[in-house]
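Residue numbers (my numbering): 7 to 583.
All C-beta atoms in this analysis are idealised placements derived from N, C-alpha and C, irrespective of residue type, glycine included.
Predicted model, so just to flag it, every value in this text is computed and none were measured.
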């Protein structure tokens, strides 16, 4: 009997991998595949995506059946069990509940591959889906609560390998986390009222033993009034002290730019608040320093890709303000402090946010001297999240009620989903808020995976990604790759420093390489091909594609400016450290 392995850790990139034979192989034995004939090309295997398999399932199934195959499926929680296999699908309504079409297509395409593989390796960072459905191919048994099922860790023919936070901390793979919980109170008005009316609500405390009807409005108000400034100041002060201490330990001058001093990531509730937070931070520094050290990365900001790339790859900037662009995939080990000024309280979202600060920084010195510090509002929803990751591992599947969903028009469902957290749909007007007290607590590692409790009810797992969302994600990754090359080439003085100009010049180069087709016009396969090309080539080597275009030419004045700046660098003013 073949044995499949489920591993409860989450690798970086969600790419299902197919190996030609059930054995270990070197990287050179695999090839990236985008639905071309002969996927393996005579090698030991190939790497592809959910979307590619769903687009050509027969191609991949035929290739898999040619050999005894090890099928490795990354992020398996993206694949829900098909409706007809759900045990409770028709228990209440007599018909199968609706399922996302893209998720259904992925599951239907992957199921024959799973059935035909000689060996299966399933990888995921969570064994629970947000929609309550079971995960494709995993064994389940009756759960502790009515109407629930949980993954059967002792199912025959399965080997379960878990990697808990306890093990990760013990092996020094991640940093321990200290939370700075700031309590406060807030006051607000209901919609259509004025400050002189008697319906002013509050002040209400943020903290409490459990969420109440005032928890969300108080949080909404606090993130947009004086409380946010207080929390931001605490995070800024902690970052400044950390950088000063590390400079003193290394004997560095105040104007010396090096990596490993620690950085601050600010996560705002919306773009308007992000701009306001950015202006606050800049007012707390000398102007020239603020221009270098504080960057804004939001979707409406033209230089956002370059800001993200510089934050990841260079010593400056030291502070990044964003909303959701740094939610997942931001590989910046220098982040030591996070200001969690977000309204989102979803467990997977918050886990990804705090994970930005838990990576070990190779430039920051010994492991013992590093620690992640997360400042957040002390509301019961965040406290519940923190307690859940200390004591629980999500593995439950729950049959959810779907009658209301079936009766709700799609346009209304989209509207409610888009506005469900904005002031809890109450139309409130924030008035004022202030901080009352700060307390620190170090996150406990949590239970070992094999000893996880049966009463877990966490709401985690990523939502299924439709093709349109995949295209947006690929366009963003291409923008990040272009920005990274622009930052690296400017830092190495291969090209003159032109601010945002080099990023747009490199975008033009990429467009010429791919037949004058911009990212917005590229199809999904073309976007994947462009990203693969960027991983193998440097845009600097293709600048000749822009010859003859005046707007991308380097003027003699710019060349003189480059030489002058190298001979006579500008003096550096005050710093945050």
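The C-beta of residue 75 has 16 or more other C-beta atoms within 10 Å across all chains shown, which makes the residue buried.
Going by C-alpha positions, residue 520 is about 14 Å away from residue 550. Burial is judged here by how many other beta carbons sit within 10 angstroms of a residue's own beta carbon; residue 176 has fewer than 16 and is exposed. Counting C-beta atoms within 10 angstroms of its own C-beta, residue 383 has 16 or more neighbours from the protein chains shown and is therefore classed as buried. When secondary structure is reduced to three states using DSSP, residue 189 falls in the strand class.
Cα atoms of residue 441 and residue 211: separation of roughly 10 Å, rounded to the nearest angstrom. If you draw a straight line from the Cα of residue 82 to the Cα of residue 324, it comes to about 36 Å.
Note that the C-beta distance between residue 318 and residue 336 is below 8 Å.
For residue 513, the three-state secondary structure derived from DSSP is helix. Around the C-beta of residue 190, 16 or more other C-beta atoms lie within 10 Å, and the residue is accordingly described as buried. In the three-state reduction of the DSSP assignment, residue 140 falls in the coil class, being assigned neither a helical nor a strand state. For residue 43, the number of other beta carbons within 10 angstroms of its own is below 16, and it is reported as exposed. For residue 131, the number of other beta carbons within 10 angstroms of its own is at least 16, and it is reported as buried.
Following the DSSP letters along the chain, one finds residue 317 inside the alpha helix (DSSP H) bounded by residues 310-319. By the Cβ criterion, the region 59-68 is in contact with the region 115-128, since at least three pairs of Cβ atoms, one from each stretch, lie closer than 8 Å. The DSSP assignment places 386-397 as complete runs of the alpha helix (DSSP H) inside the region 375-400, in order along the chain (cut-off: 4 residues).
For residue 439, the enclosing beta strand (DSSP E) has its first and last residue at 435-448.
Per DSSP, residue 488 is not a residue of any beta strand (DSSP E); the alpha helix (DSSP H) it occupies stretches across 473-497. Remark: three or more beta-carbon pairs, one from each stretch, lie closer than 8 Å, so the region 180-194 and the region 224-239 are flagged as touching.
For residue 345 against residue 381, the beta-carbon gap comes to about 5 Å, under 8 Å, which counts as contact. 8 Å or more divides the Cβ of residue 508 from the Cβ of residue 487. For the pair of segments examined, the region 278-291 was found not to touch the region 366-382: the number of CB pairs separated by less than 8 Å stays below three.
Contact annotation, residue 45 with residue 56: C-beta distance approximately 15 Å; criterion of less than 8 Å not satisfied. A distance below 8 Å separates the beta carbons of residue 322 and residue 299.
By the Cβ-count criterion, residue 305 is exposed, with fewer than 16 other Cβ atoms from all chains shown falling within 10 Å of its own Cβ. In this model, residue 277 and residue 328 are separated by some 8 Å (Cα to Cα). Taking 8 Å as the cut-off, the Cβ atoms of residue 310 and residue 326 do not count as close. Distances from the CA of residue 446 to each of 540, 514, 79 and 185 were compared; the closest alpha carbon is that of 185.
Comparing alpha carbon positions, the residue from 552, 348 and 490 closest to residue 225 is 348. Per DSSP, residue 155 is one residue of the beta strand (DSSP E) stretching across 154-157. In the structure shown, residue 66 falls within a helical segment according to DSSP collapsed to helix, strand and coil. In this structure, residue 367 sits near residue 266, with a CB-CB distance shorter than 8 Å.
For residue 147, the CB contacts under 6 Å within the same chain, skipping 5 residues up- and downstream, are 158 in chain order. Apart from sequence neighbours up to five positions away, the residues of its chain that approach residue 227 with a beta-carbon distance below 6 Å are 192, 194, 436 and 439, ordered along the chain.
Secondary structure of residue 146 (DSSP, three-state): strand. Shown here for residue 548: same chain residues with a beta carbon closer than 7 Å to its own, the five before and five after excluded, namely 515 and 519 in chain order.
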